[in-house]
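S.K.:
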Amino acid sequence: MDVFLQVFQVILIGVLLTVVIVFLLRRSRDGAELGGPYQSLVQAIHQLESQTGILGERVGQVSERVASVEHNHDQVSQRIAALRTELAQTGTATQNLVQTADAIRSDLSRAGESLTELRAQAKARREIEERSADSIQRLETIIAGTQTKGLAGENILDVILGKLPPDWQVRNFRVGDKVVEFGLRLPNNLVLPIDSKWPATRLLEEFASSDDPSEQQNLKSQIESTLLAKAKEVRKYIDPNVTVSFALAVVPDAAYDLCSGVQIEAGKLNVVLIGYSMFVPYLLLVFQTILKSSQSINLQKLDAYLQSAEDCVRALQEELGGRFSRAITMLSNSRDSMNGHLSRVMTGLTSLQLYAEAPSRTALLGEGQATYQSEEPSESLSNDEDLEAAILETEDELS
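Mind the numbering: the sequence shown is residues 1161 to 1559 in this note's numbering, read in order.
This is the structure in structure tokens:
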């Protein structure tokens, strides 16, 4: 705005100077004393004209700049409008983000509560595990009783057998000059010898800590050899007079899992290798099997069944010697009769065939045989009658 005022002032000054120059020119005619000021005025006018031109150029530049500014102003206005729209959208998005943040904050709060509960549960579980570990340690101490692992196995069997009925339990049973610690009294009054073995403890620990397959296979072979040697020791408790034909060697489950290779060899020794976890089910199976196989037989029912079977056999014999035999005889007679009738039918058919061939033979005979040909129909007629009678008789027999 200041630039326009300056331009306007310059133009106004130029106009005034022009008027002054014209006035002076008119008065220059009256005297030449105005020559000096006139020249100065002319120079000033030229300077003003040059400045006016410069100002005009500047005014043009200013106009272009003003147009550019107006264009930029329009663009800025558009951008401001777009920014307002974007700000409105941003406000909406911000509101949504605020709501989402509130929801997340609520979820985090619930997650924190759940995490607190999980921590409490984990702490309680840790306490339970610690108590369980202590209980297991105390249980191991109770089971072991002493540092001898053999006695620990015997303690286990003693506890398990103590849960069975008293009349099933046998302890310190003497077989010849040897004594087996435990036994099971069976329904047939025989005893199943039971011995606890806790072999190859060091080998089992080495097997569990080893990661080398070849070393594990070597250790497994040694464990199997040890178990087989223990089975041979248990074999001495078998006496057919007072025990069943096999004995039971109870071993830890870790050893039982590795003894599959010697089960057959132990079976040949009449010794069964079994783990502690399968001990009770196996005892119940043996007891139930012996119970079923040794139950007494009801002789009265057996006699009744045998008498009934004898009556059935006698009835079958009578049937075979009676109606069945007569039926066979009748069928045999019928077969012979049908064979005779069939023979007569075949004879008649043969005669009929010969009779059918007779005309062709007579056509070839001479006149000397004409008389014989004239007498032949009577014989053929008799053959036809026999054939018809045989056919009728056969039909009657077949019907």
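All C-beta atoms, glycine included, are put in the ideal place defined by N, C-alpha and C. If you're wondering where the values come from, they're calculated on a predicted model, not measured in any experiment.
1) For E1209, does the count of other Cβ atoms within 10 angstroms reach 16, so buried, or fall short, so exposed?
2) Please state the DSSP three-state secondary structure of K1338.
3) Less than 7 Å separating the beta-carbons of V1319 and V1351?
4) Alpha carbon to alpha carbon, how far is E1277 from I1354? Give it in angstroms, no decimals.
5) Spatial neighbours of A1426 within its chain, please: C-beta separation below 6 Å, excluding the five flanking residues on both sides.
6) Can you list the alpha helix (DSSP H) stretches of 4 or more residues lying completely in the stretch 1467-1511, in chain order?
7) Please report the straight-line C-alpha distance between G1213 and L1176, rounded to a whole angstrom.
8) One question on the structure: do S1356 and L1317 come within less than 7 Å of each other, judged by their Cβ atoms?
9) CA-CA distance, N1348 and K1452?
10) If I follow the unbroken beta strand (DSSP E) through S1356, where does it start and stop?
11) At which residue ranges does the stretch 1357-1383 contain complete alpha helix (DSSP H) runs of 4 or more residues, listed in the order of the chain?
12) Could you give the DSSP three-state label for N1332: helix, strand or coil?
13) Let me confirm a value: T1178 is counted as buried when at least 16 other C-beta atoms fall within 10 Å, else exposed. Which label applies?
14) Assuming S1370 and L1379 form a contact by the criterion Cβ under 8 Å, report the distance between their Cβ atoms to the nearest whole angstrom.
15) Name the two residues that bound the continuous beta strand (DSSP E) containing L1433.
16) Check L1346 in the structure and name its three-state DSSP category.
17) Taking Cβ to Cβ, would you say F1439 is nearer than 7 Å to V1394?
18) Taking the alpha helix (DSSP H) that V1440 belongs to, which residues open and close that run?
19) So, helix, strand or coil for V1226, using DSSP?
20) For P1412, does the count of other Cβ atoms within 10 angstroms reach 16, so buried, or fall short, so exposed?
21) In this structure, how does DSSP classify L1418 when only helix, strand and coil are distinguished?
M.R.: Reading off the structure:
1) With fewer than 16 neighbouring CB atoms inside 10 Å of its own CB, E1209 falls in the exposed class.
2) Strand, per DSSP.
3) Between V1319 and V1351, the C-beta spacing is not below 7 Å.
4) Cα-Cα distance, rounded: 51 Å.
5) Within the same chain, A1391 and L1433 come within 6 Å of A1426 by CB-CB distance, once the 5 residues on both sides are set aside.
6) Taking only runs of at least 4 residues, no alpha helix (DSSP H) segment lies wholly in the stretch 1467-1511.
7) Answer to the nearest angstrom: the Cα atoms are 17 Å apart.
8) Contact: yes.
9) Straight through space, the alpha carbons of K1452 and N1348 are spaced by roughly 10 Å.
10) For S1356, the enclosing beta strand (DSSP E) stretches over residues V1351 to S1356.
11) For the stretch 1357-1383, the full-length alpha helix (DSSP H) segments reaching 4 residues or more read 1361-1369 along the chain.
12) Reduced to three states, the DSSP call for N1332 is strand.
13) Exposed, by the Cβ-count rule.
14) Between L1379 and S1370 the Cβ distance is about 7 Å, and since that is below 8 Å, they are a contact.
15) Going by DSSP, L1433 is part of the beta strand (DSSP E) stretching over V1431 to G1435.
16) Coil at L1346, not helix or strand.
17) Judged by beta-carbon spacing, V1394 lies beyond the 7 Å limit of F1439, meaning their Cβ atoms are not closer than that value.
18) V1440 -> alpha helix (DSSP H) spans F1439 to S1453.
19) Reduced to three states, the DSSP call for V1226 is helix.
20) Answer is buried; the Cβ neighbour count reaches 16.
21) The three-state reading of DSSP puts L1418 in coil, since its state is none of H, G, I, E or B.
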